[in-house]
Amino acid sequence: MASSGEDTSNDDDMPPAAAAMAVGAHLLGFSDEILLHILSHVPSTDLVLNVRRTCRKLAVLCLDKSLTHTVLLQKDYEASEDKVKQLVKEIGREIQQLNMAGCYWLSGATIEHVARCRSLVKVNLSGCHLTSLRLSKMLSALQHLRSLAIDVSPGFDAGQLSGECKATLSRVRELKQTLYTPSYGVVPCCTSLEKLLLYFEILDRTREGAILSGQLMVGQSNVPHYQNLRVFYARLAPGYINQEVVRLYLAVLSDRTPENLHAFLISVPGSFAESGATKNLLDSMARNVALDALQLPKSWLNGSSLLQHMKFNNPFYFSFSRCTLSGGHLIQRVINGGKELRSLASLNLSGCVHCLSPDSLLRKAEDDIDSGILETLVASCRNLRHLNLSAAHHHSSEGPGRHLCQLLARLRHLRSLSLPVCSVADSAPRADRAPAQPAMHAVPRGFGKKVRIGVQSCPNPFSGQAGPQPSSVFWSLLKDVPFLERLELIGSNFSSAMPRNEPAIRNSLPPCSRAQNVGDSEVAAIGQLAFLRHLTLAQLPSILTGSGLVSIGLQCQQLQSLSLANLGMMGKVVYMSALSDMLKHCKRLKDLSFQAERPALNVVIFPLLHEGLTNVIRDVPMVHLDEITLFKSRVAEEPPNLWW
């Protein structure tokens with residue numbers, strides 16, 4: 001037997017488990033604060049059911065309140081029914097906030113176990129299977145609940161809700177309700193509502209082809225209570241029924257507008273005609289409330305003097321998407337002639353083709369913008385964090401300091417930005433850059449040195465001490481807003497091949513002449529954004545080798561989602577090798593979407609978008625439906641922190 005002073009350890013003789021523990025000892029040497037931060041990135045099911053059982057120290061830390069008070073199961077596809085039941089059994093009493101949005105694979109019986117989480121204050125069950133009876137049983141046990149998100153599906157019957165359930169709902173202050181059938185859902189029971197979010201996803205026809213009615217089902221005639229309402233938000237999917245049902249919700253608001261209403265937002269694809277009730281509602285709002293957030297259907301604003309009469313307190317969100325709002329009206333009616341709007345955090349001017357021009361009557365789509373209007377906007381809204389200028393031609397005129405990119409560079413607080421491709425082109429061709437060649441001429445011919453298609457052939461812009469830094473206005477803009485987390489460069493004429501909230505278009509219009517000057521070097525400039533998490537690039541015809549993509553992969557190590565559509569000239573895709581190299585460096589990438597033009601497939605796809613798509617959508621979980629329709633602008637799509 002060896003003496004106590006003799007070292008008999010031998011790494012080669014150690015079993016694998018012991019070796020792993022030896023390595024793990026270094027991790028456990030960190031402070032509790034560091035370990036808690038590390039553990040916060042571990043899925044809750046894995047944390048409680050696996051990590052907690054490894055050693056005594058982790059057994060204690062894994063049950064720390066900072067980890068058990070909020071449990072996120074959204075997109076945790078390894079959270080099986082048994083794991084969820086066991087999780088609730090182990091820490092159910094500690095959970096105060098629970099997000100199970102989109103957990104469509106869990107049965108109603110498993111969802112019902114949420115009733116054991118007696119301390120719940122906030123729960124998100126959107127996309128989960130719940131009948132009226134199961135919902136009633138679950139909510140009856142959650143007396144502390146103040147925030148709720150649910151779906152209302154065909155067969156829902158508010159008459160099956162128990163008295164205890166209605167008592168819980170009467171204390172709920174925040175409700176997010178997704179409607180798949182004409183119904184008030186649980187809104188009439190929520191007498192203390194302060195925030196109401198409504199998502200209308202009702203199809204016009206049943207699976208058998210019968211036309212649905214927008215009238216509420218029997219037993220759904222109870223009137224909602226809006227007297228304490230502060231936030232009203234409604235987002236409609238296409239369809240006449242959705243518009244009919246939202247009018248029923250608005251009719252109650254028009255009778256008596258809540259005095260504390262400070263955010264009123266309605267997002268509607270296409271046109272949505274005003275009714276007598278909506279006109280009364282808008283008139284009442286103009287007289288009685290001062291808003292902080294506003295979004296209205298474009299048909300309500302176009303040609304209307306409504307904005308002149310609206311009162312705003314400390315506005316933080318405006319969306320005028322697709323409106324014919326001129327720059328003159330924007331400055332006069334929204335920004336009060338250039339007064340400071342330091343409170344404004346998010347502004348959506350997507351599709352507002354005249355918003356940077358003094359008058360919308362005489363302007364052509366590709367005329368130069370009035371830089372004075374943009375300068376006034378930037379000076380007044382200096383704290384903007386989210387700005388959307390996509391889906392319009394914003395061409396800058398020549399002149400020092402007058403380019404759109406140079407003016408936007410003053411917005412140092414920007415965190416998300418969406419721009420049309422043509423807006424980042426220099427006003428005039430730069431001397432340090434040859435004009436972009438069409439892709440069909442990108443590969444040299446004759447006796448010159450041969451170039452392999454798809455292989456990076458221009459120097460990495462970040463390798464650089466060999467030459468001067470690029471001098472484009474887009475490069476300078478990104479240098480001045482280094483904390484951008486979301487960036488979108490989308491061609492003004494781009495339309496997605498897989499739209500959901502917009503009509504299908506057979507052919508996209510070609511890019512404008514300015515957009516033809518935006519290529520690999522501009523894309524390479526994006527590599528400056530070390531904090532970038534989400535990137536969308538669509539309709540950039542002058543992408544050739546894709547060297548800019550490699551720069552992004554090397555530098556943007558936080559990138560989590562990447563959407564690419566219609567890069568390069570149609571049928572001349574030569575950047576795939578560079579894209580493959582880029583993806584090797586994107587270690588944190590979770591979502592990747594890629595779309596390339598295939599005109600021959602339109603013969604098959606286009607009819608489906610009009611005929612068969614409805615039946616496909618009916619069976620696709622909503623969370624995945626949104627994932628496969630990524631090619632749209634998402635910057636300032638909703639107010640910040642609308643829901644968790």
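For the sequence shown, the UniProt record's numbering begins at 1 and goes up steadily by one.
For every residue, glycine included, the Cβ atom is placed at its ideal position computed from N, Cα and C.
Cut-off 6 Å between Cβ atoms - residues of its own chain near residue i, not counting five sequence neighbours on either side
i: His585; result: Gly553 and Leu554
i: Asp76; result: Pro43
i: Ser371; result: Arg402
i: Ala391; result: Ser350 and Gly351
i: Ala442; result: Unreliable positioning characterises Ala442 in this predicted model, as indicated by a pLDDT of 36, which lies under 50. The coordinate reading is nonetheless provided below. Contacts found: Leu544.
i: Leu330; result: Cys355
i: Val481; result: Leu414
Residue(s) in a DSSP beta bridge with residue i
i: Ser418; result: Asn388 and Glu488
i: His395; result: Asp368
i: residue 645; result: With the chain covering only 1 through 644, there is no way to say anything about residue 645.
i: Leu120; result: According to DSSP, which records beta bridges pairwise, Leu120 is partnered with nothing at all.
i: Leu567; result: Leu540
i: Phe594; result: Leu564
i: Glu174; result: Ser147 and Lys195
i: Asn348; result: Ser319 and Asn388
i: Gly527; result: In the DSSP output, where bridge partners are listed per residue, Gly527 has none listed.
Residue i versus residue j - alpha carbon distance
i: Ile202; j: Thr131; result: 18 Å
i: Val114; j: Leu133; result: 14 Å
i: Phe316; j: Val231; result: 13 Å
i: His37; j: Ser563; result: 30 Å
i: Ile369; j: His394; result: 6 Å
i: Arg171; j: Gly185; result: 16 Å
i: Cys55; j: Tyr199; result: 46 Å
i: Phe594; j: Glu259; result: 47 Å
i: Asp32; j: Leu87; result: 23 Å
i: Tyr104; j: Ile111; result: 10 Å
i: Met310; j: Lys339; result: 16 Å
i: Leu544; j: Met569; result: 8 Å
i: Arg618; j: Met100; result: 21 Å
i: Lys587; j: Lys137; result: 44 Å
i: Thr181; j: Leu196; result: 18 Å
i: Thr178; j: Ala636; result: 21 Å
i: Val620; j: Val473; result: 43 Å
i: Glu174; j: Ala263; result: 14 Å
i: residue 687; j: Glu274; result: Residue 687 lies beyond the stretch modelled for the chain, which goes from 1 to 644, so this question has no answer here.
i: Lys298; j: Gly270; result: 8 Å
i: Leu592; j: Ala425; result: 26 Å
i: residue 655; j: Ala79; result: Because residue 655 is not part of the residues shown, which for the chain are 1 to 644, the question remains open.
i: Gln243; j: Ala237; result: 9 Å
i: Ala565; j: Leu58; result: 45 Å
Simplified DSSP state of residue i, which is helix, strand or coil
i: Leu179; result: strand
i: Asp626; result: helix
i: Gly546; result: coil
i: His534; result: strand
i: Gln406; result: helix
i: Asp426; result: coil
i: Lys195; result: strand
i: Arg634; result: coil
i: Gln557; result: coil
i: Lys166; result: helix
i: Asn336; result: coil
i: Arg235; result: strand
i: Leu261; result: coil
i: Phe474; result: helix
i: Asn641; result: coil
i: Ser513; result: coil
i: Ser343; result: coil
i: Ser267; result: strand
Beta-carbon contacts of residue i that lie in its chain and below 8 Å, excluding the five residues immediately before and after
i: Leu484; result: Leu414, Arg415, Ser416, Leu417, Leu478, Leu529, Phe531 and Leu532
i: Gly527; result: Pro461, Phe462, Gly548, Ser551, Ile552, Leu554, Gln555 and Cys556
i: Thr278; result: Arg247, Leu250, Ser254 and Trp300
i: Asp204; result: Ile211, Leu212, Gly239, Tyr240 and Ile241
Close beta carbons around residue i, own chain, < 7 Å, minus the five adjacent residues each side
i: Gln295; result: Leu265, Ile266, Ser267 and Ser319
i: Cys62; result: Leu39, Leu47, Val48, Val51 and Arg52
i: Leu579; result: Gly546 and Leu549
Q | Runs of alpha helix (DSSP H) wholly within the stretch 270 to 322 (minimum 4 residues, chain order) | A | Along the length of the stretch 270 to 322, whole alpha helix (DSSP H) runs at least 4 residues long occupy 276 to 288, 298 to 301 and 306 to 309, reported in chain order.
Q: Run through the stretch 77 to 109 for me and flag every whole alpha helix (DSSP H) of 4 or more residues, listed as ranges in chain order.
A: For the stretch 77 to 109, whole alpha helix (DSSP H) runs of length 4 or above, ordered along the chain, are 81 to 91.
Q: Quick one: which unbroken beta strand (DSSP E) runs of 3-plus residues sit fully inside the UniProt domain "F-box" (32 to 73)? Chain order, please.
A: Fully enclosed beta strand (DSSP E) runs of 3 or longer: 70 to 72.
**Q.** Completely contained alpha helix (DSSP H) runs for the stretch 126 to 164, where each covers 4 or more residues
**A.** For the stretch 126 to 164, whole alpha helix (DSSP H) runs of length 4 or above, ordered along the chain, are 132 to 140.
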